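Residues in the sequence shown are numbered from 1 upward in steps of one, following full-length UniProt numbering. Built from N, CA and C at the ideal position, the CB exists for glycine as well. This one's a predicted model, so the numbers in the text were calculated from it and none came from an experiment. So the structure is just underneath, and the comments pick up after that.
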Amino acid sequence: MENNIEKITAVLGPTNTGKTHMAVETMLEYESGIIGFPLRLLAREIFDK
């Protein structure tokens, strides 16, 4: 049986503190991942990257 390690990270903080940048940069270090955004426009902008 494979040993899959699942990791969930929450990035929380005030507005304009670099949360999105940190989340995207961290996710790009892995083969796959999911980021949830509360704003549809922001989610689309990141998806297009």
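Could you give the C-beta distance for residue i and residue j, rounded to a whole number, given that I count them as a contact under 8 Å?
| i | j | result |
| --- | --- | --- |
| I35 | M27 | 6 Å |
In its own chain, which residues sit with a C-beta less than 8 Å from the C-beta of residue i, not counting the 5 before and 5 after it?
| i | result |
| --- | --- |
| L12 | K19 |
| P38 | none |
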